[in-house]
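Put into structure tokens, the structure is as follows:
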């Protein structure tokens, strides 16, 4: 297990207990990827109304944190945008069910003067090779990359789908959640970031990549996306499985940018 994953595990273990799979509990815990939290909070409220006396707490922390915690039995359900690796789960036997797929959008502050970039330009900005918007036809403004921590599944997907496995520049501003990245891009001159969103965020420029432009009306034409997935331990009780089934089947998921998986 890599050092940063171990440090994450130990820090979270300091304030979280362990789920006793053998004993029924009226309080369930969900944690992990932050891009789907708005949908989960609404859906969980509906599940709680159908199950009086049960409560569910939801928190972020990032995809990898969710996988580590559910594998160690400290939460009931983990949410992850990336497929588990043994270094995160310790080989724990987990069940999984996807919530859907959610677009991964590249966003910039509108004052950059740029609306369209090539894939190679986007890659070079995120990795630090291009440091000024002027170099791609924009204003003479430094490119300020806003990224996510190493535990973020969205960051891992960005690296896989856009950056050809390369790391984001070490000069990036790191924000802990999807919403925090959006807020930072809005507030920071020259900012470039990425968010999981099925809707067009306001007050930022959603960049076109080559000839591709994201539209909520045609989400499957956009090639960059994450697949938020629920993971739970094989020893989990019936109420955990009930909650998973409820979360994965609500018809209003698309209102929160969660579209059915492309066939």
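Residue numbers (the working numbering): 370 to 632. Beta carbons are placed, not taken as given, at the ideal position from N, Cα and C, and that holds for glycine. The structure displayed is predicted, hence computed values, not measured ones.
Problem set entry | Integer Cβ distance of residue 557 from residue 478, believed to fall under 8 Å | 6 Å
For this session: Could you pull out every unbroken alpha helix (DSSP H) segment of at least 4 residues lying fully inside the segment 541 to 592, listed in chain order?
Result: 547 to 556
For this session: Look at residue 562 and residue 401 and say whether their C-beta atoms are less than 9 Å apart.
Result: no
Exercise. Can you pull the DSSP bridge partners for residue 466?
Worked result: 599
Problem set entry | Simplified DSSP assignment, three categories, for residue 446 | Of the three classes helix, strand and coil, the one that applies to residue 446 here is strand, per DSSP.
Exercise. Considering only residues of the segment 485 to 527, which uninterrupted alpha helix (DSSP H) runs meet the minimum length of 4 residues and lie entirely inside it, listed in chain order?
Worked result: 488 to 496
Exercise. Do you know how far the Cα of residue 625 is from the Cα of residue 576?
Worked result: 20 Å
For this session: Specify, as a first and last residue, the run of the beta strand (DSSP E) that residue 605 falls within.
Result: That residue, residue 605, is in no beta strand (DSSP E); it is neither H nor E in DSSP.
Problem set entry | residue 469 vs residue 592 beta-carbon contact at 9 Å | no
Exercise. For the 8 Å Cβ check, are there 3 or more pairs between the segment 422 to 439 and the segment 454 to 464?
Worked result: A contact exists between the segment 422 to 439 and the segment 454 to 464.
For this session: Reducing DSSP to helix, strand and coil, say where residue 437 ends up.
Result: helix
For this session: Would you kindly work out how many angstroms separate the C-alpha atoms of residue 579 and residue 489, rounded to a whole number?
Result: C-alpha of residue 579 to C-alpha of residue 489: approximately 9 Å in a straight line.
Exercise. Residues in its own chain within less than 7 Å of residue 613 by CB, not counting five upstream and five downstream?
Worked result: 446, 466, 599, 601
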